[in-house]
Structure formats: C-alpha cells, structure tokens
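Since the structure comes first, as structure tokens, the remarks are kept for the end.
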Amino acid sequence: MTRRVEPVNPSPPFSMPLRARLADSAASSTAGIGNGNSNEEYIQKAVSVGKEISGSLGDVLRQSILANNEESHLHQILALADELRSYQSPVEFTIGIIGDSGVGKSSLINSLLDAKLAKTGGTGSACTTVATEYRKKRESDSALYTIEIECMNSDEIEDLLRQSVIDYRRYHVQERESETTDHTQEEQLQIKAKVAWDTLKAAFEDRDGCTEILFQNPNVSTDELQDQVLRWKEDIVWPAGFNAQMTVLEAEEAENCVNQIDQFLRQRIWPFIKLVQIYLDAVVLRNGVVLVDLPGFRDINSARVRITEDRLYKCDEIFVVTEIGRAATNSGVLDLVTRQLGHNFDNLRRSQGVAIICTKSEVEDPQEDEILRDIPQTNTFNQRIIDEYTHRIENAEDNDRPTGHLRAQKKHIFISARNQHVKSRINAYYAAQSRSRNIAVHCVSSYLYRDACIERNRRSGNQSRIMAANQKIEDSGICELRDYCQEIPSMSQILETRHYLHTRLVRLIEKINMWLISGVAGTAALQEAAPTFLNELNEELKFGMNRWEQAALSSLDKLKRWHVATLSSFWNNDGAHSTRAQDYTDWNADMISTMIEDFKPSEEMFRSRNEEIFGSLSNSIHEGLSTLLTKLGELQGVDAFRQTFPRRRRELDYDINNIINSFLEKLQLIVHDLFGSHGTSYVMRHMQPTYNVTESGHGMKQRLLDRLNLRVRGDHDNPRLFKATGDFFISAVESLLEETREKLHRATDRSCEDIKRDLELLRGENVQAQEQADILDTMFAILDHAKNKRDEAEREFESNIVG
Numbered sequence: 001m002t003r004r005v006e007p008v009n010p011s012p013p014f015s016m017p018l019r020a021r022l023a024d025s026a027a028s029s030t031a032g033i034g035n036g037n038s039n040e041e042y043i044q045k046a047v048s049v050g051k052e053i054s055g056s057l058g059d060v061l062r063q064s065i066l067a068n069n070e071e072s073h074l075h076q077i078l079a080l081a082d083e084l085r086s087y088q089s090p091v092e093f094t095i096g097i098i099g100d101s102g103v104g105k106s107s108l109i110n111s112l113l114d115a116k117l118a119k120t121g122g123t124g125s126a127c128t129t130v131a132t133e134y135r136k137k138r139e140s141d142s143a144l145y146t147i148e149i150e151c152m153n154s155d156e157i158e159d160l161l162r163q164s165v166i167d168y169r170r171y172h173v174q175e176r177e178s179e180t181t182d183h184t185q186e187e188q189l190q191i192k193a194k195v196a197w198d199t200l201k202a203a204f205e206d207r208d209g210c211t212e213i214l215f216q217n218p219n220v221s222t223d224e225l226q227d228q229v230l231r232w233k234e235d236i237v238w239p240a241g242f243n244a245q246m247t248v249l250e251a252e253e254a255e256n257c258v259n260q261i262d263q264f265l266r267q268r269i270w271p272f273i274k275l276v277q278i279y280l281d282a283v284v285l286r287n288g289v290v291l292v293d294l295p296g297f298r299d300i301n302s303a304r305v306r307i308t309e310d311r312l313y314k315c316d317e318i319f320v321v322t323e324i325g326r327a328a329t330n331s332g333v334l335d336l337v338t339r340q341l342g343h344n345f346d347n348l349r350r351s352q353g354v355a356i357i358c359t360k361s362e363v364e365d366p367q368e369d370e371i372l373r374d375i376p377q378t379n380t381f382n383q384r385i386i387d388e389y390t391h392r393i394e395n396a397e398d399n400d401r402p403t404g405h406l407r408a409q410k411k412h413i414f415i416s417a418r419n420q421h422v423k424s425r426i427n428a429y430y431a432a433q434s435r436s437r438n439i440a441v442h443c444v445s446s447y448l449y450r451d452a453c454i455e456r457n458r459r460s461g462n463q464s465r466i467m468a469a470n471q472k473i474e475d476s477g478i479c480e481l482r483d484y485c486q487e488i489p490s491m492s493q494i495l496e497t498r499h500y501l502h503t504r505l506v507r508l509i510e511k512i513n514m515w516l517i518s519g520v521a522g523t524a525a526l527q528e529a530a531p532t533f534l535n536e537l538n539e540e541l542k543f544g545m546n547r548w549e550q551a552a553l554s555s556l557d558k559l560k561r562w563h564v565a566t567l568s569s570f571w572n573n574d575g576a577h578s579t580r581a582q583d584y585t586d587w588n589a590d591m592i593s594t595m596i597e598d599f600k601p602s603e604e605m606f607r608s609r610n611e612e613i614f615g616s617l618s619n620s621i622h623e624g625l626s627t628l629l630t631k632l633g634e635l636q637g638v639d640a641f642r643q644t645f646p647r648r649r650r651e652l653d654y655d656i657n658n659i660i661n662s663f664l665e666k667l668q669l670i671v672h673d674l675f676g677s678h679g680t681s682y683v684m685r686h687m688q689p690t691y692n693v694t695e696s697g698h699g700m701k702q703r704l705l706d707r708l709n710l711r712v713r714g715d716h717d718n719p720r721l722f723k724a725t726g727d728f729f730i731s732a733v734e735s736l737l738e739e740t741r742e743k744l745h746r747a748t749d750r751s752c753e754d755i756k757r758d759l760e761l762l763r764g765e766n767v768q769a770q771e772q773a774d775i776l777d778t779m780f781a782i783l784d785h786a787k788n789k790r791d792e793a794e795r796e797f798e799s800n801i802v803g
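First residue of the sequence shown? That's 1 in full-length UniProt numbering, and the numbers climb one at a time after it.
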C-alpha cells in the first residue's frame with residue numbers, strides 16, 4: 001500500500017538566530033490547545049516544544065557541507081532529528097463498543113466524534129456486520145478522512161462460506177422437536193440463517209443454482225453445498241486491489257466518506273470485508289483512543305462471531321451500550337452483560353475495563369410524572385422543587401420573557417435524578433453479585449447533544465437559548481464520556497512523553513555534542529538471553545493428557561441423560577446454551593476443567609519465571625554498560641561519551657519494558673485460548689468441525705454422543721482433544737518466544753550499534769574539523785541553548801502533570 005507523506009516545511013533561513021526561532025516556536029506551540037483535561041494540554045505542549053527543538057537543530061546542522069553526504073555521521077544525526085521532528089505518539093487505547101441494533105450505538109459514536117460517520121438505524125446488512133475502527137489522523141494523511149478497508153484472506157473467506165451454509169441449514173433443514181421450538185432458540189437460529197443467506201446471495205446471486213430451494217433440499221448434503229459455494233468462490237471477479245488485502249479511500253467531507261464506504265460495501269464482495277478503519281481529526285481520538293464499533297453477536301454469521309470475540313478480547317476497554325429504560329432493571333442488566341460479553345464475563349483480561357453506557361437519557365414531558373412516581377425523592381429532586389420551576393416558567397411566559405433556560409434547568413432535575421437512580425441500581429446489582437470486576441456507568445443522550453449543538457451554533461441565539469443549549473450539552477453526558485475516554489490512556493501518554501523528552505531528545509543532543517567534540521574510537525558489544533521452558537511445559541502436557549481425557553469423557557456421560565431435543569439445541573449452539581429443561585451449560589468448558597485445574601499452577605510459574613529472567617536480563621545489560629565505561633578508561637573525549645550512559649540505560653529499560661509487556665499480554669491471550677471455550681479457543685478449534693455436522697432423524701441422540709466421544713478420544717485420522725490443544729498451545733508459545741527473542745536481539749543490537757556510531761562520532765570527520773574552525777563556538781552556543789530549552793520543557797511538564 002502506498003502512502004503519501006506530507007512535505008517537510010522548508011527550513012527557516014540560517015541567518016535567523018536559533019534562540020529566536022526556539023522562542024517563537026515555544027510561543028506558537030501553546031496556541032490552539034483545546035479545553036481538554038490538563039494532562040493532555042501539557043503533553044501536547046511538551047511534545048510541541050520537543051519537535052521544535054529537534055527541528056531547529058536539524059535546520060542548523062543542515063547548513064553543513066556534510067549534510068548531504070550519506071556516509072557521514074552528520075547525515076545519520078539529521079535523520080534522527082527529522083524523526084523526532086515528525087514524532088507522533090505510538091500510544092493506542094482501544095475501546096470496543098457493542099450493543100444490539102436500535103439502542104443508539106451509532107448515534108453515540110457520532111456524538112463522541114462530532115461527525116456523522118457511523119450509520120444509524122441498524123438494518124442487519126453490511127454496515128452492521130463489519131467492524132469499524134475510528135483512529136487519530138496521521139501526519140501522512142493529507143485528506144480530512146482516510147479510509148482503509150481490510151479484506152479477508154482466502155482461508156477466512158472459505159471459513160465464512162462454509163459456516164454460512166451450516167447456519168442456513170441448521171434453521172431450514174435440521175429437524176427440531178417440541179422443546180427446541182422455544183422462542184429464543186428459534187429466533188437465534190432464524191437470525192443466523194437470514195445473515196447466512198444474505199451473505200450467500202450477495203456473493204452468488206448471479207448463479208442460477210444459488211436458490212433457497214437448493215439450499216433447503218434435504219436430499220442435498222451440507223458437504224455438497226459447501227463444495228459448491230467454494231467452486232463458485234473461485235469464479236468471483238474481485239475488484240481491483242482486493243487481493244492486496246487493503247483498499248485506501250479519501251474524502252474531504254463526512255457525508256462523502258460514508259458514501260464511499262457504502263459504495264464499496266454495496267459490491268458483491270461486502271461479506272468478505274474484515275475491517276474498516278477511518279482516520280480523522282477528532283478530540284476524543286487525540287490521546288491515542290481508538291473507537292471500535294463491533295457488530296452485535298446476534299446480527300452476524302458464526303464465522304464473524306469468532307473474529308468479533310477475538311477483537312473484543314484484545315480491546316483495552318469495553319463499552320456495553322443499552323437503552324436507559326432496560327438498564328434500570330436487574331434482569332435487563334444481567335441479560336445485557338451475559339448476551340454481549342458471554343457467561344465468562346469474569347474471565348476477560350485482567351486489565352480490561354467495562355463500562356455500561358445507558359443511551360436515550362433525555363426526558364420527554366410525558367415521562368416526568370412517571371419519574372416523580374417511581375424514583376425516590378431527595379433534597380434536590382422532589383415535588384416542591386418541580387412546582388417552583390413550573391411556577392417560574394409560567395410567570396416568565398406571562399411577562400413575555402424567554403423560558404428556554406428555565407425549561408432546560410427543570411429537565412436537568414429529572415435527567416439527573418433518573419441517571420443517578422439507574423447508576424445506583426446497576427452498581428447495587430453488581431455489588432450483590434460479588435463480581436470481581438468494577439463497572440463504570442454513564443448515561444448519555446445523543447439527541448440532547450445534537451439538538452444543543454445546533455442551537456448553540458445559531459448566530460441569532462439569545463442569552464436564554466445559549467444557556468439552555470449549554471445545559472442540554474451538560475445533561476447529554478457526551479462531554480463527560482468523552483473526557484472519560486481521553487483520561488483512560490492518560491498515564492501511558494505521560495510515560496511516552498517523558499520518554500520522548502527525557503531519552504529520545506537527549507539522545508539527539510548528546511549525539512550532536514559528541515559530533516562536535518570528536519576524538520577517540522572504540523567499540524563494545526552486549527549479549528542477551530531469552531527465556532525458554534518449553535520442554536518442561538511439553539512434558540507436563542504429555543503427563544496429564546490421559547487423566548484429562550478421562551475427565552473430559554466423564555463430563556460427557558451426563559449428556560446421555562439429556563432429552564434428544566435438548567442435546568440437539570446445545571449442539572446447534574456449539575455446546576454452550578440453556579433451555580427450559582436445562583440450565584446454562586458449557587460442555588466444552590466442562591471437558592477442559594480438569595486440565596485447567598492441573599495446569600494453572602504451571603502456567604503461573606511459567607509467567608513468574610519469565611518475569612524473573614527478564615529482570616536479570618535488564619540487570620546484566622546495565623552491568624555490561626558499566627564494564628564498557630571501565631574499559632574506556634581515560635581515552636580522549638570519554639567524558640562526553642560517559643554522559644550518554646544514563647540515557648542509554650533509560651533507552652534499553654524502555655525497550656525491554658515494552659518487550660516484557662508485549663510478551664505478557666500475548667501470553668495472556670494464549671492462556672485465554674488454552675483455558676477458555678470461546679470461538680477461537682483451542683478446545684473450540686478442535687471441536688468446531690464436529691458441531692458443523694448437522695444430524696436429524698432416528699438415532700440422532702446416539703450419533704451426536706458418539707461424535708463427541710470420538711472427537712475427545714481421537715482416531716487414526718484425528719488427534720485426541722488434549723493432543724490437539726497441547727499442540728496449539730506449544731506452537732503459540734514457541735512462536736511468541738521466538739518473536740520475543742528477536743525483539744530482544746534487535747533492542748540490544750540497536751544499543752550496540754548506537755554505541756559504535758557514537759564512538760565513531762568521537763573520531764570526527766576530516767571535513768568537519770576544517771568547517772568547525774569558523775562556526776564551532778556558534779554551534780556549541782546553539783546546542784547549549786537547546787539543552788536549556790529541553791530542560792525547561794521537562795521541568796514544566798513534570799511540575800504540571802497530574803498522576
């Protein structure tokens with residue numbers, strides 16, 4: 001994929017003193033800072049000053065006759081200066097937003113973004129079945145809106161088509177006895193069948209054989225139909241660029257952005273779109289927040305459910321969106337979280353936050369009496385206060401005075417009372433459930449926010465109307481929720497900004513200093529090690545395999561007592577379901593419960609031992625740096641070189657900490673797949689082909705049980721359950737360790753190379769000495785000013801930052 005990079009602004013003339021340019025830049029860097037949280041303001045200011053320092057130093061050094069010599073040390077220094085000048089924080093914090101159609105999820109996203117980009121009025125069609133990410137605009141994005149559309153690869157397309165055939169046949173062909181005609185079960189099968197047919201029809205409607213008559217024919221097997229759709233897939237004429245996995249579109253207006261996405265999705269290939277990413281400038285995104293609009297689990301094909309589950313688990317925060325009326329009841333809250341997050345709610349990642357967003361919190365006039373009746377009255381919400389406002393409004397009307405602000409204040413009382421009531425009910429409910437995870441609750445009204453923004457933007461607005469609009473914006477809860485989104489990644493942004501000012505910018509200044517000093521040559525190298533306990537884990541997996549298999553088969557024995565209709569219903573839901581006759585059961589989780597119990601201590605030891613190894617690795621690297629200093633002794637120029645070592649330690653610590661955090665996060669994902677029973681878990685990867693087989697007719701119960709037992713025991717064609725899950729796990733851990741080793745090698749190699757280059761800097765360059773005769777004093781003065789400017793920026797940042 002080709003990206004356009006914005007041209008670098010031309011350098012200011014060399015004759016302009018650096019001190020003046022730095023002063024001007026510091027003044028301009030504070031302009032235009034919005035009224036966000038205070039941390040964001042100081043983060044932006046610190047980064048802005050840092051960019052200007054690196055840019056100004058680069059402009060000065062670019063006047064050297066060595067600047068265009070790619071072999072010179074100065075050329076490398078200028079590359080670093082340009083890199084820091086165009087710095088963008090790498091911090092990202094993903095917020096996954098889920099909710100059923102019609103609850104106001106798209107309107108909420110549009111309000112948070114202050115742009116109408118999310119399609120409202122969910123229809124179950126393309127726009128609601130594709131995940132959409134809203135991301136901060138990059139410096140390389142020249143248009144107001146840059147859209148990147150990621151398509152499925154060949155394996156994912158085949159998985160989707162196979163699953164579509166299965167989902168359609170489960171509803172239209174498989175026999176369902178009296179118990180499975182329970183309304184919820186029927187509705188779920190019907191929704192999946194409709195989505196499946198929409199997918200097949202969109203892709204193959206030009207095929208004569210693609211008819212519901214064919215797909216509902218009980219005499220045609222599911223395997224035959226799957227083979228047929230895969231043959232049709234080979235004949236699809238893909239749009240230009242589809243096979244490149246990424247299509248890039250640009251737009252200058254929100255409406256045009258939406259239209260371009262719609263036009264692309266209207267083509268026959270929309271079922272095979274994996275992800276839409278929109279890059280834009282929005283306040284809520286500036287701190288590194290990524291809003292992820294995820295399709296509801298009820299509205300998508302089972303193959304997409306697996307993709308959505310995986311994406312949801314990787315999100316840093318989850319917003320569960322529901323209407324405020326439904327959230328006010330205990331049963332509504334339980335159903336909401338269970339339906340959207342699954343029964344393994346407490347098995348989400350430890351670091352994941354969850355918030356319930358109650359939409360449509362505006363209060364209409366007819367609702368006021370109901371709220372007064374149902375919500376306990378307080379000192380700030382009671383009949384007397386309401387009557388007082390009613391009297392003041394009537395009095396103002398009688399005297400022809402504006403009433404907008406009074407009406408807004410009266411609404412505020414009702415909105416605040418109901419919001420507080422709903423929050424209290426939800427918090428009390430979760431406290432009673434002894435949940436191990438805290439839940440934040442926000443009440444919002446996109447309608448109030450949109451209406452107030454229109455009012456406030458009117459040029460002819462009187463004071464009463466403006467006051468009313470401001471009150472509505474406050475009551476909408478959108479600004480409060482936006483601040484909440486921005487505060488979440490605040491600490492990560494602080495750490496990243498500190499690293500930028502205190503390490504990366506210092507690195508540039510130190511390199512320039514050594515280039516000016518010039519002198520000695522020398523070299524050093526560091527060694528590193530990476531953790532590996534795979535042999536121990538592999539042995540433990542083999543040792544426990546037989547016992548786990550017997551426990552899994554025993555957990556299936558109880559299924560023999562189930563009615564055939566109940567068994568069939570659970571089969572259609574991949575083994576995790578509930579009916580009137582059977583409470584919620586996940587027999588996949590039951591099958592691996594003994595394995596989890598035995599293996600969990602080893603997993604925790606594995607994690608702990610890796611952390612210890614990483615810690616000793618960091619210490620050994622520090623010792624290596626200290627040894628290098630001793631070996632350098634009193635060589636000429638070593639003082640300047642010695643001064644760089646605190647920065648080198650910080651740099652390596654930063655890299656290694658990032659590697660450790662990445663390793664532990666990915667290890668957590670792997671363990672989640674080992675211990676869980678979600679769509680992409682190892683047990684489901686092994687069991688899914690079995691559930692994809694449809695059964696009906698006499699003897700169905702025994703055939704289902706036989707298939708389950710065979711899948712656990714294995715045969716000459718298929719591995720045993722725990723052999724398969726063990727192989728999945730070991731393969732994933734091997735891959736992760738190899739990736740981590742490579743990252744550690746790259747980090748220490750970078751440090752070694754940096755040391756070598758800096759020692760080469762101290763040698764000086766032939767042309768450099770000749771050039772320095774005229775400008776050496778000026779260059780040192782300029783560099784000294786840059787150091788002071790950086791120190792001042794760091795002091796201001798550290799003294800003002802909160803947290």
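Glycine included, C-beta positions come from ideal geometry on N, C-alpha and C.
Simplified DSSP assignment, three categories, for residue i
| i | result |
| --- | --- |
| residue 381 | coil |
| residue 201 | helix |
| residue 315 | coil |
| residue 353 | strand |
| residue 486 | helix |
| residue 70 | coil |
| residue 716 | coil |
| residue 96 | strand |
| residue 442 | strand |
| residue 210 | coil |
| residue 91 | coil |
| residue 321 | strand |
| residue 359 | strand |
Straight-line gap, residue i to residue j (C-alpha atoms, nearest Å)
| i | j | result |
| --- | --- | --- |
| residue 646 | residue 50 | 19 Å |
| residue 312 | residue 736 | 21 Å |
| residue 325 | residue 472 | 20 Å |
| residue 419 | residue 457 | 27 Å |
| residue 749 | residue 654 | 15 Å |
| residue 215 | residue 676 | 34 Å |
| residue 36 | residue 100 | Low local confidence applies: a pLDDT of 48 at residue 36 is under 50, so the model's placement there is unreliable, and no value is given. |
| residue 442 | residue 109 | 14 Å |
| residue 682 | residue 688 | 10 Å |
| residue 281 | residue 657 | 30 Å |
| residue 288 | residue 404 | 38 Å |
| residue 816 | residue 60 | Residue 816 is absent from the model: the chain starts at 1 and stops at 803. |
| residue 726 | residue 295 | 32 Å |
Contact set for residue i: own chain, Cβ-Cβ below 7 Å, skip 5 residues either direction
| i | result |
| --- | --- |
| residue 53 | 22, 505, 786, 789, 790 |
| residue 462 | 402 |
| residue 103 | 321, 322, 323, 359 |
| residue 238 | 269 |
| residue 260 | 147, 249, 251 |
Strand pairing of residue i, partner residues [DSSP]
| i | result |
| --- | --- |
| residue 151 | 273 |
| residue 135 | 279 |
| residue 145 | 251 |
| residue 293 | 97, 132 |
| residue 684 | Answer by DSSP bridge pairing: none, since residue 684 is not bridged. |
| residue 246 | 150 |
Close Cβ partners of residue i (< 6 Å) along its chain, the five nearest in sequence each way excluded
| i | result |
| --- | --- |
| residue 496 | 89, 91 |
| residue 511 | 77 |
Spatial neighbours of residue i in its chain, beta-carbon cut-off 8 Å, leaving aside the 5 residues before and after
| i | result |
| --- | --- |
| residue 670 | 729, 732, 733, 736 |
| residue 389 | 406, 409, 410, 413 |
* If you pair each beta-carbon of the region 151-160 with each one of the region 108-122, do three or more pairs fall below 8 Å? -> no
* Quick check: the region 353-369 against the region 445-453, are there 3 or more CB pairs under 8 Å? -> yes
* the region 130-141 / the region 271-280 touching (three or more Cβ pairs under 8 Å) -> yes
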